[in-house]
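Worksheet: the structure to be examined is printed underneath.
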Amino acid sequence: MMKMMMISSGGTALQTLRLAPSLCKPPSLQTLTRYRHGLFRGPPLLPSLLRAVSSPALQPSSSGVEDEKVVVVAKPQWKAAIDFKWIRENKDLVAGNIRNRNSSANLDLVLELYEKYLGLQKEVERLRAERNAVANKMKGKLEPSVRQAFVEEGKNLKEALVALEEDLVQLTDRLQQEAQSIPNITHPDVPIGGEESSIVRKMVGCQPEFSFAVRDHLQIGKDLDLFDFDAASEVSGSKFYYLKNEAVLLEMGLINWALSEVTKKGFTPLITPEIVRSSVVEKCGFQPRGQNTQVYSIEGSDQCLIGTAEIPVGGIHMDSILPDSALPLKYVAFSHCFRTEAGAAGAATRGLYRVHQFSKVEMFIFCQPEDSNMYHEELIQIEEDLFTSLGLHFKTLDMATGDLGAPAYRKFDVEAWMPGLGRFGEISSASNCTDYQSRRLGIRFRPSLSDASPANSKKGKGSAAPTQFVHTLNATACAVPRMIVCLLENFQQEDGSVVIPEPLRPFMGGLQVLSPKF
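In the UniProt record's numbering, the protein residues as written are 1 to 518.
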């Protein structure tokens, strides 16, 4: 049965509005509370009903965040310890950083969701307090009618609270999902712009001069019978290869040489798993199932092949609190790496320069926040010393904002001269990721009380300094295929042979020259 409501405005004629019976009932506390926060998905509530049963605070949300449509959010497998308060207080800095890095992160949406989260959290806390107050009032002797009223009130509060808590969980999940796309902040000295804006920090050596026609590594490898790309293509597909003869000794020699040299610097050697959980890949700042991903995902599982040992080494102390006396932790890890190389094309993809599977020696450091810039310089110095000892001509670059991955606060690249390409090619990089990865991986340290500020120290028996997130850094000691490219092309001889740099000879059984077999 339809009911009638007479409405007049000023001196205008009375108008009749027909209401369905359901609209004549006062909205429940649950509906009103969800309506206030823009979470009510039913038909709009009449202003007269709102005024009759709600306080002025219970007004529809003015937020522009998806009020009119239901947003289905996949529940995150993990949550990063993102400092939303800092982001809100430094929104101009964060917005500029997103712009400079050409990131697709939506800061406005994150801030709107955060404000909505704070309001909803406050409302949840208010309802919990009211529910507890009602429960306390029911203690002791009461008139049956009074007790029944309290029971009804408690029931309404419970229903409203359950609904709001569900909404809070969904809102938190969406806030996490959006905020996780915000990249790390950038070092103030990093040049702004695309890759072409990167600055040369150092130039080492000079281009080798040849009195004969220079061959690229593909031709040299063919003449010395070092590779078989054709057979690998039949067996595995394009961008795979067999190493043969002395090329096998060269790969093993490079790996053992790099491990030996870096271990002397105080790094602990590791051989890592090469299959990891997708969540660990994500926590390190990679997108295993994103568009044009470089990550191979294993179908029907939550696992991926690693693209770098940075991922399993980064996860080795996941969800841990380290004593400050253990820092820094320095690792040098050997692993095979697997990359889809989606979108790669051009002359620089031929041969060994860009492949799907390769061996690499990676350095990784966990340290206290105030030390990460120092260790970043240490890592790039180790790389430069390694490549200088081999006699390579290379340059070190301070990479511009547009070339930084999401985790990197600052990144140095090393590019070596490759005569066969007739240009420099990247052979290494070193990145300071500050606390971007550790906030996702849950890696903290506890400063000693002597290092903690008195204001932040807890008082009383058993007091301890509050934990802080460690900083993480990673750097390539030796990416084997590109090092082979450099060595073959830079040390080729007119008779077709290739001279092995002296530091590598002890790791190759004393072999000094790769000579043609025919």
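C-beta atoms are modelled at their ideal positions from N, C-alpha and C, and glycine is treated no differently.
Same chain only: Cβ atoms within 6 Å of residue 528, ignoring 5 sequence neighbours per side: A query on residue 528 cannot be resolved here, the shown segment of the chain reaching from 1 to 518 and no further.
Proximity below 8 Å, CB of Tyr436 to CB of Gly314: no
Asn376 (DSSP reduced to helix, strand or coil): A small fix is needed here, since residue 376 is His in this sequence, not Asn. Correct three-state label for His376: helix.
CA-to-CA distance, Thr172 to Gln148, given in whole angstroms: 36 Å
For Leu107 and Thr434, the rounded distance between their alpha carbons: 21 Å
Same chain, Cβ closer than 6 Å to Phe469, neighbours up to 5 away in sequence not counted: Asp435, Ser438, Arg439 and Arg444
Rounded separation between Glu234 and Leu243 - CA only: 15 Å
Supposed contact pair Leu111 and Arg88 - C-beta distance, whole angstroms, cut 8 Å: 6 Å
Of the residues Ile182, Leu127 and Leu175, the one placed nearest Pro407, counting alpha carbons only: Ile182
Inter-residue CB distance, Glu383 and Ser428 (contact presumed, cutoff 8 Å): 5 Å
Cα-Cα separation between Thr293 and Pro273, rounded to whole angstroms: 20 Å
Burial state of Met418 (16 or more Cβ within 10 Å): buried
Chain-order list of residues whose beta-carbon lies under 6 Å from that of Pro328 (same chain, five-residue window excluded): Ile365 and Cys367
For Leu488 and Leu224, the rounded distance between their alpha carbons: 10 Å
Contact set for Gln180: own chain, Cβ-Cβ below 7 Å, skip 5 residues either direction: Ala80
Three or more C-beta pairs below 8 Å linking the segment 200-218 and the segment 488-503: yes
The segment 197-208 in contact with the segment 387-406 per 3-pair CB rule at 8 Å: yes
Assigned exposure category for Gln381 - 16 Cβ within 10 Å defines buried: exposed
Coarse secondary structure for Val162, derived from DSSP in three states: helix
When Ala479, Lys265 and Glu125 are compared against residue 521, the one with the closest alpha-carbon: Residue 521 lies beyond the residue range present for the chain, which begins at 1 and ends at 518; the question has no answer from this structure.
Local conformation of Val94 per DSSP, three classes: helix
Assigned secondary structure, Asn474 (DSSP; H/G/I helix, E/B strand, else coil): strand
Whether Leu254 touches Tyr331 by CB criterion (8 Å): no
Same chain only: Cβ atoms within 6 Å of Asn474, ignoring 5 sequence neighbours per side: Glu310, Phe364 and Ser431
CB-CB length for Tyr353 against Val214, believed under 8 Å: Between Val214 and Tyr353 the Cβ distance is about 16 Å, and since that is not below 8 Å, they are no contact.
Span of the beta strand (DSSP E) around Pro269: Thr268 to Ile271
Cα-Cα separation between Tyr114 and Ile82, rounded to whole angstroms: 11 Å
Option in Val499, Leu322, Gln357 and Pro191 with minimal Cα separation from Val466: Inspection of the sequence shows that residue 466 is occupied by Pro rather than by Val. Nearest of Val499, Leu322, Gln357 and Pro191 to Pro466, Cα basis: Leu322.
Cα-Cα separation between Leu118 and Leu127, rounded to whole angstroms: 14 Å
One or two residues paired with Gly425 in a DSSP bridge: Ala416
Sequence-distant residues of the same chain with beta carbon closer than 8 Å to Ala326, five excluded per side: Phe445
Gln357 (DSSP reduced to helix, strand or coil): strand
In DSSP terms, what His336 is bridged to: Ser359
Collapsed DSSP secondary structure at Ile365 in the structure displayed: strand
Beta-carbon proximity check, Leu421 vs Glu246, cutoff 8 Å: no
Beta strand (DSSP E) segments (min. 3 residues) lying fully within the segment 134-210: 199-204
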